[in-house]
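This report refers to the structure that appears directly beneath it.
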Amino acid sequence: MLYENYPELLSVKDDIEQVIALLVDCFRRGGKLMCAGNGGSAADAEHIVGELMKGFKLPRPVSDPRIPKELAEKLQGALPAISLSSGLALPTAYANDVDGEYSVAQALYGLAKPGDVALFISTSGNARNLANAALLCEGLGVKSAALTGASGGRLAGICDFTIRAPAHETYRVQEYHLPIYHEICARVEAAMFA
39 MLYENYPELL SVKDDIEQVI ALLVDCFRRG GKLMCAGNGG SAADAEHIVG ELMKGFKLPR
99 PVSDPRIPKE LAEKLQGALP AISLSSGLAL PTAYANDVDG EYSVAQALYG LAKPGDVALF
159 ISTSGNARNL ANAALLCEGL GVKSAALTGA SGGRLAGICD FTIRAPAHET YRVQEYHLPI
219 YHEICARVEA AMFA
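Count along the sequence shown from 1, then add 38; that gives the number in the working numbering.
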């Protein structure tokens, strides 16, 4: 359906498939996804977390003997995901006390475990705070992916995987990012819960 509605995204189909496979493998092994972006891309990071931490397109019933039945009926299966761009305390404290260009790297350093995945969203691919965090990934045993515009920017040279939306203007890149990450979330959900 994605490629019928957005045939221009066929150019990045293989990259999308690689990120889907990466996330399915991560979640099957008990890992988590950490997302980050700035501005509108920070909102996209939050949006992705929302789609993964509760039902997106499929029901995700909870059947866990540790949880009372009446509570389990009100919960949904979750894929562990967190936004490194949310909250104010850490980024403002880090900007004040150390250097704001490293606040996402600090959050990643504090939360990452080997086998996790970090997704960096930047329309230009050149966000310095995201590039600094991406540089940490290999040493921490974390796979990295970037969702960028057509150039890929600096993140394309750092991350293990890059999906380059086929546009250069910020608003156009953002318009492609939404259907791309919705496809990723839907396909990962189907692999984990169908």
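Backbone N, C-alpha and C fix where the C-beta goes; we use that ideal spot for every residue, glycine too.
- If you check the CB distance, N164 and V142 do not come in under 8 angstroms.
- Sequence-distant partners of Y41 (beyond 5 residues in either direction) whose C-beta falls short of 8 angstroms from its own C-beta, in its chain, are L47, L48 and K51.
- Here the alpha carbons of E176 and D154 stand approximately 11 angstroms from one another.
- Look at A133 here: in three-state DSSP terms it is helix.
- Distance from the CA atom of A133 to the CA atom of E139, rounded to whole angstroms, is 7 angstroms.
- When the five nearest sequence neighbours on each side are left out, the beta carbons in the same chain lying within less than 8 angstroms of the beta carbon of M91 are those of A116, L117, P118 and A119, in order along the chain.
- Here E221 has L40 and I54 as same chain residues with Cβ atoms under 7 angstroms from its own Cβ, once five neighbours each way along the sequence are excluded.
- In this structure, DSSP gives F94 a state outside helix and strand, which the three-state scheme calls coil.
- Within the segment 168 to 229, the runs of alpha helix (DSSP H) at least 4 residues long that lie entirely inside it are, in chain order, 191 to 196.
- The beta carbon of L60 lies closer than 7 angstroms to those of V155, K181, A183 and F199 in the same chain, with the five residues before and after it left out.
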